[in-house]
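Read in order, the letters of the sequence shown are residues -21 to -1, 1 to 259 in mature numbering (1 follows the signal peptide of the UniProt record, and there is no 0).
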Amino acid sequence: MGRLVLFRAWFLAALVAAASANFLSDVEISWGGGRGKILENGNLLQLTLDRASGSGFQSKQEYLFGRFDMKMKLVPGNSAGTVTTYYLSSLGPTHDEIDFEFLGNASGEPYVLHTNVYSQGKGDREQQFYLWFDPKLAFHTYSILWNPQQIVFYVDGTPIRVFRNSESLGVPYPKSQAMRLYASLWDGDDWATRGGLVKTDWSQAPFVASYQGYTADACVSSAGRPSCSASRGNWWDQGLDSGAVQKLKWVRDNYMIYDYCRDTKRFPQGFPPECSSPRN
């Protein structure tokens, strides 16, 4: 505990203003054979999927804790079978990962927002939601807050999911492995839409997803040590106030469609220990 207090004191002393990231300077297209493009002087990034390949990008920096915001406009029309992602991940068999995945839909059906958290290589912590708007018509902001106490997923500033640090219950928590930000658009028609029942209609290709407004207000990892900047100031200790708790409840009551912590068929012998933590 003493080490955490000392690090927190150092961190607070190191706060400096953080600027919005620019795709030209802060990310790199990592795969796709030219299907990913940075446009508008680095303010817009588009990923494309066709029958031959999808595409993706990653941040140039690795991070250890922070607040990450991304504006996204999803694939329009019949996007069944496509998966559009935005997530944080480390590398290796015991990797940590924090996932936003948007599962495409047949025309007229809603997108499914699939979330997951991996710690020490273990995932299987899925929660899924419908959205209260059409995410392919305009840009909306999807955010990850990651600090030593909790991970919070936000949509347009509304919390939709909290994953708390439950190490006291024996549950590993992502806190020691630096992670990059990744995004991708790929073909997942073996599982993405109605469990793989609806396949990708390649006559609709190429599929295009758009990204803008990327901000990483975070601790950059350098040589195994974090270097921090935080214009928002309070994300390190940020919790949910009473208004945010009510918004979280509203989302869970009205838009959650799957929660592993309620899946009795999957866990007949009892739920994972972190499910006992409030709002996990």
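For every residue, glycine included, the Cβ atom is placed at its ideal position computed from N, Cα and C.
What span of residues does the beta strand (DSSP E) with A162 cover, start to end?
-> 159 to 166
Counted within 10 angstroms of its Cβ, other Cβ atoms place E7 as buried (16 or more) or exposed | exposed
Between G218, T61, G83, T137, which lies nearest to R30 when the distance is taken from Cα to Cα?
-> T61
Does the segment 49 to 56 come within contact of the segment 182 to 199, defined as at least 3 CB pairs closer than 8 Å?
-> yes
Could you check if N1 is buried or exposed, using at least 16 other CB atoms within 10 Å of its CB as the buried criterion?
-> exposed
Per DSSP, what kind of secondary structure is L148 in: helix, strand or coil?
-> helix
Going by DSSP, which residues form a beta bridge with V187?
-> T27
When burial is assigned at 16 or more other CB atoms within 10 Å of the CB, is W170 buried or exposed?
-> exposed
Around the C-beta of Q248, are 16 or more other C-beta atoms found within 10 angstroms, so that it is buried, or is it exposed?
-> exposed
Pull up the DSSP beta-bridge partners for G97, would you.
-> Here residue 97 turns out to be Tyr, not Gly, going by the sequence shown. Looking at the DSSP assignment, Y97 forms a beta bridge with E76.
Residues in its own chain within less than 6 Å of R143 by CB, not counting five upstream and five downstream?
-> Q129, S256, N259
Under the DSSP definition of a beta bridge, which residues are partnered with E7?
-> Q37
For G249, the three-state DSSP class (helix, strand or coil) = coil
With distances taken Cα to Cα, identify the nearest neighbour of Y237 among F246, E88, F108, S9.
-> F108
Opening and closing residue of the beta strand (DSSP E) in which S122 lies = 119 to 125
The segment 131 to 141 touching the segment 12 to 28, judged by at least three CB pairs closer than 8 Å = no
For T64: DSSP bridge partner residues = E80, S163
What's the gap between the Cα of Q40 and the Cα of I139?
-> 27 Å
Can you name the start and end residues of the beta strand (DSSP E) that G87 belongs to?
-> First-last for G87: undefined, no H or E at that position.
Thinking L164 and T27 are a contact (beta carbons under 8 Å), I'd like their distance in whole angstroms, please.
-> 7 Å
Inter-residue spacing [alpha-carbon to alpha-carbon] between W125 and V230 | 20 Å
From which residue to which residue does the beta strand (DSSP E) around R143 run?
-> 137 to 143
Is E253 buried or exposed, if buried means 16 or more other CB atoms sit within 10 Å of its CB?
-> buried
Euclidean distance between Cα positions of A157 and I77 | 12 Å
Might you give, ordered along the chain, the residues of its own chain that have their beta carbon closer than 6 Å to the beta carbon of G192, omitting 5 neighbours on each side?
-> K50
Three CB pairs or more closer than 8 Å across the segment 88 to 97 and the segment 105 to 123 | yes
Should G175 go down as buried or exposed, given a rule of 16 or more other Cβ atoms within 10 Å for buried?
-> exposed
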